[in-house]
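Numbering-wise (our numbering), the sequence shown opens with residue 14 and increments by one.
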Amino acid sequence: MVRAFSVRPRADWQSRVEALGLRDPFLADGTPYWTEERGYAVEKAQIDALYDAAAELERICLDAVDRIVQHDLFDRFDLPPLAARLAGDSWDRGARNLIGRFDLAFAPGGAPKLIEYNADGAVAMIEAARCQAEWRDHHRPGAPQWNEIEAHLHAAWGALGLPRLPAHFAGLKDDAEADATLDWLAETARAAGIDARRIDLDEIGWDGEKFVDLDGQTVRTLAKLYPWCWLARDDFARHIEFANTTVIEPAWRLLLADKRMLALLWEMFPDHPNLLPASLDPLAGPCAAKPALGRDGAGVRLYADGADRPATGGDTQAPTPEDGPLVWQELAPSAAVDGKHLIAGVWCVASQPSGLGLRESDDAFVGGQARFVPHIVE
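Below you can see the structure in the form of structure tokens.
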């Protein structure tokens, strides 16, 4: 269903991917994050299975958010009152989402399984949308690739119905990946006719009635790459209820980005074919312990048998109290090709499955140090 193939690396591959926006195509240890010399050929049937799984997971995730809001289940996430109000109000008024990435475990003959939903501030879009498309055009011209991310973004921006004022794209400038992603997202918004302006979050002020930038321009639309779980605890947040500002992603997405949602989904949809057993209590058998608010695999530990045995792998970074409680999730068999373990990142734009990004690791933990490998469909 998935096979690896080799190609002759382009001599200028680094400058090419950097020109497309991937500013640092290397991992912390100096090895390439962008895989130039190899790709994966994925059968159409597997692509269809991933698409169907993402569409179904999006459906049940939205159903879960509605149940949380309608039945006031915010205590399941230990949310501050302001965060709960922002999440509930944004859902009730129909605030629309834009981008998310499902990380799915998949193996031949089995249904794809949800590992987590990067629903608020997901990155790794540039390599999935642009870099692998150019790689395909060079190494396998004419080959299909599941990659409609940028086209769907252009359409989604126009459908958001944003006010006819500049849209501000903001993050923290010391976060290089978020900074590059915001530059790219702003470019896709401009292609849809939006006046997109790039600023730092610290350059947004409050004039007593509204958010403004350093030039005094009203911030009516804020596209951020800064997680709500941080923002809702910041002094900045207390004005959002009264600012008449459209925030992308909307506050209700913080529920889906919290890994406690994995346990709640399993409770609401037990034995769902695209879910793994998950709980706030240790599980028997092989499982992963994940900090509820951890990002990019940080602090995840793999266990052979719940908490009763030493960790068998995972991330070396210890979770902090700010990362929230641990969520335990059963391990799923992952696709293994030529000794490499794969997970599928399925991107959704405006809740529509829109493209695939594959990441691989030499061991069963496909975390923040995993490599991105381009694909084609056959």
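All C-beta atoms in this analysis are idealised placements derived from N, C-alpha and C, irrespective of residue type, glycine included.
For Ala-141 versus Ile-162, is the C-beta spacing smaller than 8 Å? In this structure, Ile-162 lies closer than 8 Å to Ala-141 by Cβ.
Which same chain residues, not among the five before or five after Ala-135, have their C-beta less than 7 Å away from its C-beta? So the list reads Ile-112, Gly-113, Arg-114, once near-sequence residues are dropped.
Expressed to the nearest angstrom, what Euclidean distance is found between the alpha-carbon atoms of Asp-375 and Asp-247? Rounded to whole angstroms, Asp-375 to Asp-247 spans 39 Å at the Cα level.
Along the chain, where does the alpha helix (DSSP H) containing Val-30 start, and where does it finish? For Val-30, the enclosing alpha helix (DSSP H) covers residues 26-32.
With three or more C-beta pairs closer than 8 Å as the rule, is the region 150-167 touching the region 207-221? Taking one beta carbon from each stretch, the region 207-221 and the region 150-167 have fewer than 3 pairs nearer than 8 Å; the two do not touch.
Beta carbon of Pro-263, beta carbon of Asn-110: below 8 Å? The answer is yes: Cβ separation under 8 Å.
Return the first residue and the last residue of the beta strand (DSSP E) that Gly-184 is part of. Where Gly-184 is concerned, the enclosing beta strand (DSSP E) stretches over 180-184.
Under DSSP, the alpha helix (DSSP H) around His-167 begins and ends at which residues? Start and end: 162-172.
Endpoints, the beta strand (DSSP E) within which Trp-360 is located: Trp-360: member of the beta strand (DSSP E) spanning 353-362, first to last residue.
Rounded C-alpha distance that separates Gly-337 from Ile-128: The straight-line gap from Cα to Cα measures roughly 18 Å.
Suppose you measure from the CA of Val-30 to the CA of Arg-143; what does that come to, to the nearest Å? The straight-line gap separating the alpha-carbon atoms of Val-30 and Arg-143 is approximately 9 Å.
Which residue's Cα is closest to the Cα of Ala-345: Ala-77, Phe-378, Ala-172? Of the candidates Ala-77, Phe-378, Ala-172, Phe-378 places its Cα closest to the Cα of Ala-345.
Which residues share a DSSP beta bridge with Asp-213? Partner(s): Gly-184.
Quick check: what's the CA-CA separation for Asp-188 versus Gly-312? The alpha-carbon atoms of Asp-188 and Gly-312 are separated by roughly 19 Å.
Can you check which of these residues, Glu-71, Asn-131, Arg-153, Ile-356, is closest to Arg-51 by C-alpha distance? The shortest C-alpha separation from Arg-51 is found at Arg-153.
Whose CA, out of Phe-90, Asp-79, Arg-72, Arg-177, lies closest to the CA of Thr-258? When the alpha-carbon of Thr-258 is set against those of Phe-90, Asp-79, Arg-72, Arg-177, the nearest one is in Arg-177.
If I'm right that Leu-277 touches Lys-126 with Cβ under 8 Å, what's the distance once you round it to whole angstroms? Lys-126 and Leu-277 do not touch by the CB rule: their CB atoms are close to 16 Å apart, not below 8 Å.
For Asp-294, I'd like the list of residues in its chain whose CB is within less than 7 Å of its CB, leaving aside the five on either flank, ordered along the chain. Trp-341, listed in sequence order.
Between Asp-226, Ala-164, Ala-357, which has its C-alpha nearest Ala-137's C-alpha? The shortest C-alpha to C-alpha distance from Ala-137 to any of Asp-226, Ala-164, Ala-357 is the one to Ala-357.
For Asp-133, count neighbouring Cβ atoms within 10 angstroms of its own Cβ and tell me buried if that reaches 16, exposed if not. The residue in question, Asp-133, is buried, as its Cβ has 16 or more Cβ neighbours within 10 Å.
Note down the Cα distance separating Ala-77 from Met-281, rounded to an integer number of angstroms. Cα-Cα distance, rounded: 8 Å.
Taking buried to mean at least 16 other C-beta atoms within 10 Å of its own C-beta, is Leu-296 buried or exposed? Around the beta carbon of Leu-296, 16 or more other beta carbons sit within 10 angstroms, so the residue counts as buried.
For Arg-322, is the classification buried or exposed, using 16 other Cβ atoms within 10 angstroms of its Cβ as the cut-off for buried? Result: exposed.
Three-state secondary structure (DSSP) of Val-136: Val-136 falls in the coil class under three-state DSSP.
What does the alpha-carbon distance come out to for the pair Trp-219 and Gln-230? So the alpha carbons of these two residues sit roughly 11 Å apart.
Straight-line Cα distance separating Gln-382 from Thr-44: The straight-line gap from Cα to Cα measures roughly 10 Å.
Distance check for Asp-309 and Gln-330, CA to CA, integer angstroms please. Near 11 Å, if we compare the C-alpha coordinates of Asp-309 and Gln-330.
Hey, Trp-104 and Trp-360 are a contact pair by Cβ (cut 8 Å); roughly how many whole angstroms apart? Trp-104 to Trp-360, Cβ: 22 Å. No contact.
In three-state DSSP terms, what is Tyr-239? Note: Tyr-239 maps to coil in three-state DSSP.
Nearest candidate by alpha-carbon position, reference Leu-99, set Val-260, Phe-224, Ala-302, Arg-23: When the alpha-carbon of Leu-99 is set against those of Val-260, Phe-224, Ala-302, Arg-23, the nearest one is in Val-260.
If distances are taken between C-alpha atoms only, which option among Leu-268, Leu-235, Ile-139 comes closest to Trp-170? If we check each option's Cα against that of Trp-170, Leu-235 comes out closest.
Which residues share a DSSP beta bridge with Val-82? In DSSP, Val-82 forms no bridge with anything.
Helix, strand or coil, according to DSSP, for Thr-234 in the structure here? DSSP places Thr-234 in strand when its eight states are reduced to three.
For Ala-97, tell me which candidate among Ala-320, Leu-244, Gly-319 has the shortest Cα-Cα distance. The candidate whose alpha carbon is nearest that of Ala-97 is Leu-244.
Just to confirm before moving on: does the CB-CB distance between Leu-268 and Ile-81 stay below 8 Å? Taking 8 Å as the cut-off, the beta carbon of Leu-268 is found closer than this to the beta carbon of Ile-81.
Quick check on the DSSP output: the beta strand (DSSP E) that includes Trp-341 runs from which residue to which? Trp-341: member of the beta strand (DSSP E) spanning 339-343, first to last residue.
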